[in-house]
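Visitor: Below is a structure I'd like to ask you about.
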Amino acid sequence: MTAAIVSSAPATGKGAARSATSALAKHRQELSTVAVTIPFFAYTACFLLAPTIIVIIGAFQTRDGGFTLANFAKLAEPNTISAFVTSILVSIASSVIGAIVGGLASYALVIGTKPNGLLRRMVSAISSVLAQFGGVMLAFAFIATIGINGIGTMLIKAVTGLTVNPNWLSSLPGLITIYCYFQIPLMIIIFLPAVDSIRPQWREACESLGGNTWDYWTRVALPILAPRFISAFLLLFASAFSAYATAAALFSQRSILVPLMIQGAMRNEMDPSQQGFAQVLAFAMIIVVAIVMMLSHAVEKRAGRWQ
Amino acid sequence: MLNQPTTSQSATRHALSQDEDAFKNDPAASLAGVRGKDVTRAAKALLKDSAKRGGGSIQMQDVVKIYPGAAKRALDDFNLDIKPGEMVVLLGGSGCGKSTALRSLAGLEDIQGGRILVGGQDVTGTPVNKREMAMVFQSYSLFPHMTALENVAFGLEVRGMGKAERRKTAMEQLELVGLADQAGKYTQQMSGGQQQRVALARALAIKPRVLLLDEPLSALDAKVRVQLRDQIRSIQLTTGTTTVFVTHDQEEALAVADRIGVMNKGRIEQIAAPRDLYQRPATEYVATFIGLTNRMPGASNGEEAVVFGQRLPLITGSAQGDAVTVLIRPENLTLIRADANDSHVGEHARVAAIHFLGALVRVDTVITSGEYQHRGNSKPLEVTVQLPAGELPDGLAIGDDVIVTPRPVAALAC
Amino acid sequence: MAVNNADNTAPTAPMPPQLRAARARRQSIIKFVILLFTLGFLLVPLIAMLVFTLRHPLSGRWSLAPWVAIFTGNGETLGADLTVLWQGLGSSLALCVVTVAIMLLLMVPTMVIVHIRSRALERAIEWVATLPLTIPAIVLVVGLGPIYRWLSADVLNTNPIWLCFAYVVLVMPFAFRAIAVGLNSIDVKTLVEASRSLGASWPKVFFKVIIPNLWQSILSASFISIAVVLGEYTVASLLGRMNLQVALYQLGQSNSQISTAMSLLALLFGVVLLVALDLISGAMRKRKEGK
Chain A
1 MTAAIVSSAP ATGKGAARSA TSALAKHRQE LSTVAVTIPF FAYTACFLLA
51 PTIIVIIGAF QTRDGGFTLA NFAKLAEPNT ISAFVTSILV SIASSVIGAI
101 VGGLASYALV IGTKPNGLLR RMVSAISSVL AQFGGVMLAF AFIATIGING
151 IGTMLIKAVT GLTVNPNWLS SLPGLITIYC YFQIPLMIII FLPAVDSIRP
201 QWREACESLG GNTWDYWTRV ALPILAPRFI SAFLLLFASA FSAYATAAAL
251 FSQRSILVPL MIQGAMRNEM DPSQQGFAQV LAFAMIIVVA IVMMLSHAVE
301 KRAGRWQ
Chain B
1001 MLNQPTTSQS ATRHALSQDE DAFKNDPAAS LAGVRGKDVT RAAKALLKDS
1051 AKRGGGSIQM QDVVKIYPGA AKRALDDFNL DIKPGEMVVL LGGSGCGKST
1101 ALRSLAGLED IQGGRILVGG QDVTGTPVNK REMAMVFQSY SLFPHMTALE
1151 NVAFGLEVRG MGKAERRKTA MEQLELVGLA DQAGKYTQQM SGGQQQRVAL
1201 ARALAIKPRV LLLDEPLSAL DAKVRVQLRD QIRSIQLTTG TTTVFVTHDQ
1251 EEALAVADRI GVMNKGRIEQ IAAPRDLYQR PATEYVATFI GLTNRMPGAS
1301 NGEEAVVFGQ RLPLITGSAQ GDAVTVLIRP ENLTLIRADA NDSHVGEHAR
1351 VAAIHFLGAL VRVDTVITSG EYQHRGNSKP LEVTVQLPAG ELPDGLAIGD
1401 DVIVTPRPVA ALAC
Chain C
2001 MAVNNADNTA PTAPMPPQLR AARARRQSII KFVILLFTLG FLLVPLIAML
2051 VFTLRHPLSG RWSLAPWVAI FTGNGETLGA DLTVLWQGLG SSLALCVVTV
2101 AIMLLLMVPT MVIVHIRSRA LERAIEWVAT LPLTIPAIVL VVGLGPIYRW
2151 LSADVLNTNP IWLCFAYVVL VMPFAFRAIA VGLNSIDVKT LVEASRSLGA
2201 SWPKVFFKVI IPNLWQSILS ASFISIAVVL GEYTVASLLG RMNLQVALYQ
2251 LGQSNSQIST AMSLLALLFG VVLLVALDLI SGAMRKRKEG K
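In order, the protein sequences belong to chains A, B and C. Under our numbering, the letters of the first sequence match residues 1 to 307, in that order. Under our numbering, the letters of the second sequence match residues 1001 to 1414, in that order. Under our numbering, the letters of the third sequence match residues 2001 to 2291, in that order.
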């Protein structure tokens, strides 16, 4: 008994001292945590924040650095409007096709197969590569397929006698087809985890409660997948809308999409009539993508009630 | 008229879950109908009431299930006969086929032979959603995008019930499981026990002919498990729904079942009331699976056995021979100090461990007499004795020499 | 009961209807059609590329010339100057190394420490690191233009290697996700507390305890970054620097066969990289489970 009392007394004293030092230590620890993040934030400030601010400021700047809204007048020019319309059209169409085909493919890869099946692993590895494939290489792939001297073009001619319009690739349907080539794999990568989260018990429960296949899809599976499908679709849209390299490699001279227009504006920056044009276009792109991302966030938040 | 009730009741049992049409079309049922003319109004009412309460009889006859690519049969001429309103538990270790049996009954697995009758109707070729059975799964079966109420109403919605009515029915079911206040919650916001109660309410809402429970408690905490199993049993008794409950937990099985079917290698080894199963196991597997059992060497003539010099009666179906194993429960053994021996029966043993269980004491002993060796190996025979605390010799300590004797209670020899 | 049974039992029992199996068959047919269609669409252009490299588009002659040119490094037989390709390939490979190094140094220690100590800062870093998904590369280039003009004139030079600064930003969202997955799958806090209580110093904890446990996600972050850097065209071309994609584009103007062959190789390299990652992580998982 005495031993316990004796030993407990200094312990309390030590405890008090410790709590004083621990407050100090905690403060120091917080400071050191913030300090550790300084390189990261400094770096992103230089190479992410600064360029973004330069774009935004540039959009509102006159030639000699004053504030103006005049730069935005160019957004109303028919050329610009048509570029935005084409860009948005191509993005929506390729995202719709990409989301549906990619969604179906994800379903086909998951349902009734082992979680770590070889086919599934191969397809996801290839998809990860192809999703990054939107670029010069993609343009080459389609030129090799249905360009003027493409293999597909020749095959079609040999088999059916029809000549594929050599400009088909740079037409709207051609562009949409090419964009689908990276949209489908992108959808597969994004959507596989969502399909994975569908539990077989839900289907069995639905059936045992008297539901048929139609009930299962319309009342259970699709409502559960819908939020993630929509947010995946929006991400696909953003990726198509931002894509530059493929289009740049296909049509070097024509500015039919917004990114190509930015490229043109950057090349002609010295032209006084083009003052701030690249920045204004870039600013408008940020706005479009930001709206899309906000929508996606809103969809996810709504589903967050039950997810 | 007065001596008729037994007949009428058995007729009732036959037809319990058959709806009116089936009743007319089935020759057997119409035969029952002829008899029914003599049946009293009261019996008719009973029949109608039972049918409404949704208890269907179940017969699984010679069911064979082979999984594609598997060499062994998951169900091997499986037979099961369940009376209306009964709660049968299928008990067994993993891979014994108990879940397969349940899923075959539900229609979630194809069977390769035999047939399944519910309420006398052959449902072997009926798809899952037409079998009018409801299943509660181990876990994760609630629809995550629906509230508890919407989940319970799902089966009614599929059946085309109006919105107001299905809300009302679903609410009643939630009240039955004591979750009326959680009606607006989503799956993620509920505890595991609450989720399983919602799943139970969802299954009962459609007034199924048969309720199927596939290890519904095994993902829950021990305390919740006991509460919920008692609740399941009391709800089942109120609704009178024929229920098949699958579990690997013998305590759970003993607590809720009318009858327990102990499964092994795709067959039922024995199906009996919990008490019979414990006291009169038909096979060695059942005896060792349920409760603790000592394997003791002895000699048997099929009727009686001699173990450690003690004569004891044998359960029918016991083996005969001079060297058999007799399965004796720890509470059917007794021990006394070696120096207090005044009897000619019993064997010497050394106390290895003493476990106090409150009113009972369990003593692990090792038989020291060299005569009795565990069959097939040279390890000394270990025997566990369970005594009421008052019967434990005073001051018994580990290492003490005792004499172990069986009590003359019926046992199984094999 | 007896009547019931006698009436319903057929003398010879045929196989009961296999409803589930029939459905599984229907499902696998649907699966097969979907996958055939999708994989077909994805594979046809790749096959066309291969055929395109083997068959001269104008003369129709079959030859291995483009592949020979790439592997011997001599494009004279095809009248192509490959120096620009080697230049581009060289700078892209160097960019891979430097970008991955900066990315790891910048992200891993920060993410680990923030993960242990501050939920709020972790959120902030997540927001910033995934921001490049919202800001298209083409937009970033518009803003990076002035910065790079200043960098190359006053601080560094026009060497393409300095593109790494922009590339780290481009790979950040992918790298962040890969590392975050790793951090969330192990209990870093307990690991650190346990090893600190055993008297290990911070650097020791970091290198001997955390890094080995994060190995898989560090690898996956690096591989994805490499894939992104090898495929990058926008920033390099608009800032006027040479990298693999810019070189492919330029070469494509004069000899599309060689640049198509090189594209296929780059693609193959990417697939090999990711399949290797998959195999490595599979093997590691197996080893862990084995233990």
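The beta-carbon is built from N, C-alpha and C at its ideal position, and this holds for glycine as well.
#1: Taking Cβ-Cβ distances shorter than 7 Å, what residues in chain C pair up with Gln-1112/B?
#2: Taking Cβ-Cβ distances shorter than 9 Å, what residues in chain D pair up with Arg-2117/C?
#3: Beta carbon of Ala-144/A, beta carbon of Ala-2048/C: below 8 Å?
#4: List the residues of chain C whose Cβ lies closer than 8 Å to the Cβ of Gly-1125/B, in chain order.
#5: Cutting at 8 Å between CB atoms, please list the residues of its own chain near Ile-1268/B, excluding the five before and the five after it.
#6: Going along the chain, which residues of the segment 253-280 of chain A sit with their C-beta nearer than 7 Å to a C-beta in chain C?
#7: Could you check which residue in Leu-209/A, Ala-278/A and Leu-155/A has the C-alpha nearest to that of Val-2139/C?
#8: Apply the 10 Å Cβ neighbour rule to Gly-1113/B and answer buried if 16 or more other Cβ atoms are within range, or exposed otherwise.
#9: Is it the case that the CB of Phe-1154/B approaches a heavy atom of the ligand ADP more closely than 7 Å?
#10: Is Arg-2285/C helix, strand or coil when you go by DSSP?
#11: Taking all protein chains shown into account, do 16 or more other C-beta atoms lie within 10 angstroms of the C-beta of Asn-1129/B, making it buried, or fewer, making it exposed?
#12: Flag Ala-1022/B as yes if its beta-carbon sits less than 8 Å from any beta-carbon of chain A, otherwise no.
#13: Check whether the Cβ atoms of Ile-2210/C and Leu-2198/C sit closer than 8 Å, and answer yes or no.
#14: List, in order along the chain, the chain A residues whose C-beta lies closer than 9 Å to that of Arg-1202/B?
#15: Among the candidates Phe-2052/C, Phe-2041/C, Trp-2162/C and Gln-2216/C, whose CA atom is the shortest distance from the CA of Gly-2252/C?
#16: Starting from Met-1135/B, follow the beta strand (DSSP E) in both directions and report where the run begins and ends.
#17: For Met-1263/B, which of helix, strand or coil comes out of DSSP?
#18: Under 8 Å, Cβ to Cβ, is there at least one residue of chain A near Asp-2154/C?
#19: Going along chain A in order, which residues have a C-beta closer than 8 Å to the C-beta of Arg-1159/B?
#20: If contacts are defined as beta-carbon pairs under 8 Å, then Ala-1413/B and Ala-1257/B qualify, I think. What distance do you get, rounded to the angstrom?
#21: For Ala-1338/B, collect the residues of the same chain with a Cβ closer than 7 Å to its Cβ; drop the 5 residues on either side in sequence, then sort them by chain order.
#22: Determine which residues of the segment 209-233 of chain A have a Cβ less than 8 Å from any Cβ of chain B, and write them out in chain order.
#23: According to DSSP, what are the bridge partners of Asp-1081/B?
#24: Looking at chain C, is there any beta carbon in it that lies within less than 8 Å of the beta carbon of Ser-22/A?
#25: Listing by chain order, which chain A residues have their CB less than 7 Å from the CB of Met-2049/C?
#26: Give the straight-line distance between the Cα atoms of Gln-1059/B and Ile-1111/B, rounded to the nearest whole angstrom.
#27: Which same chain residues, not among the five before or five after Phe-2223/C, have their C-beta less than 7 Å away from its C-beta?
#28: If you scan the segment 1079-1167 of chain B from start to end, which runs of the beta strand (DSSP E) of 3 or more residues do you find wholly inside it?
#29: Indicate the three-state DSSP secondary structure (helix, strand or coil) for Trp-2062/C in the structure shown.
#30: Out of Ile-178/A, Glu-30/A, Val-34/A and Gln-132/A, state which residue places its alpha-carbon closest to the alpha-carbon of Tyr-2233/C.
#31: Below 8 Å on the Cβ atoms is my guess for Gly-147/A versus Leu-169/A; work out the distance and round it to an integer in Å.
#32: How about Met-1133/B and Leu-1204/B: are their beta carbons less than 8 Å apart?
#33: Whose CA, out of Arg-1103/B, Thr-1124/B and Glu-1109/B, lies closest to the CA of Pro-2014/C?
#34: What residue from Gln-1386/B, Phe-1289/B, Ala-1410/B and Gly-1119/B has the CA that sits closest to Thr-1241/B's CA?
#35: How far does the alpha helix (DSSP H) with Val-2097/C in it reach, from first residue to last?
#36: What distance in whole Å lies between the Cβ atoms of Ala-83/A and Ser-239/A, which are believed to be in contact at a cut-off of 8 Å?
Guide: Short version:
#1: The answer, in chain order, is Met-2015.
#2: This model lacks chain D altogether, as its protein chains are A, B and C.
#3: The answer is yes: Cβ separation under 8 Å.
#4: In chain order: Pro-2016, Pro-2017 and Leu-2019.
#5: So the list reads Phe-1078, Asn-1079, Leu-1080, Leu-1090, Gly-1261 and Val-1262, once near-sequence residues are dropped.
#6: Answer in chain order: Pro-259, Ile-262, Gln-263, Met-266, Ala-278 and Gln-279.
#7: Check the Cα spacing between Val-2139/C and each of Leu-209/A, Ala-278/A and Leu-155/A: the tightest is with Ala-278/A.
#8: Buried.
#9: Among the components modelled here there is no ligand, and therefore nothing to report on the ligand ADP.
#10: Of the three classes helix, strand and coil, the one that applies to Arg-2285/C here is helix, per DSSP.
#11: Buried, since its Cβ has 16 or more Cβ neighbours within 10 Å.
#12: For Ala-1022/B, the predicted model reports a pLDDT of 39, less than 50, meaning its position is unreliable and no value from the coordinates is stated.
#13: No. Outside cutoff.
#14: Within chain A, the residues near Arg-1202/B are Ala-205 and Leu-209.
#15: The option with the nearest alpha carbon to Gly-2252/C is Phe-2052/C.
#16: That run of the beta strand (DSSP E) goes 1133-1136.
#17: The answer is strand: DSSP assigns Met-1263/B an E or B state.
#18: No, its Cβ sits nowhere closer than 8 Å to a Cβ of chain A.
#19: The answer, in chain order, is Gly-210.
#20: 27 Å between Cβ atoms; not a contact.
#21: Same-chain partners within the cutoff: His-1348, Asp-1401, Val-1402 and Ile-1403.
#22: The segment 209-233 of chain A vs chain B, Cβ under 8 Å: Leu-209, Gly-210, Gly-211, Asn-212, Asp-215, Arg-219, Val-220, Pro-223 and Ile-224.
#23: As a beta-bridge residue in DSSP terms, Asp-1081/B pairs with Gln-1059/B.
#24: Using a Cβ-Cβ cut-off of 8 Å, Ser-22/A does not count as an interface residue toward chain C, since no Cβ of chain C sits closer than that to its own.
#25: Per Cβ cutoff of 7 Å: Phe-140, Ala-141 and Ala-144.
#26: So the alpha carbons of these two residues sit roughly 14 Å apart.
#27: Closer than 7 Å at the Cβ level, and outside the excluded window around Phe-2223/C, lie Leu-2273, Leu-2274 and Leu-2277.
#28: For the segment 1079-1167 of chain B, whole beta strand (DSSP E) runs of length 3 or above, ordered along the chain, are 1087-1091, 1113-1118 and 1133-1136.
#29: The three-state secondary structure of Trp-2062/C, taken from DSSP, is strand.
#30: Of the candidates Ile-178/A, Glu-30/A, Val-34/A and Gln-132/A, the one whose C-alpha sits nearest the C-alpha of Tyr-2233/C is Gln-132/A.
#31: That pair is a contact at about 6 Å.
#32: With contacts defined by Cβ atoms closer than 8 Å, Met-1133/B and Leu-1204/B do not form a contacting pair.
#33: With distances taken between CA atoms, Pro-2014/C lies nearest to Thr-1124/B out of Arg-1103/B, Thr-1124/B and Glu-1109/B.
#34: Thr-1241/B has its Cα closest to that of Gly-1119/B, out of Gln-1386/B, Phe-1289/B, Ala-1410/B and Gly-1119/B.
#35: Segment 2083-2117, the alpha helix (DSSP H) holding Val-2097/C.
#36: The C-beta distance from Ser-239/A to Ala-83/A rounds to 18 Å, too long to fall under 8 Å, and the pair is not in contact.
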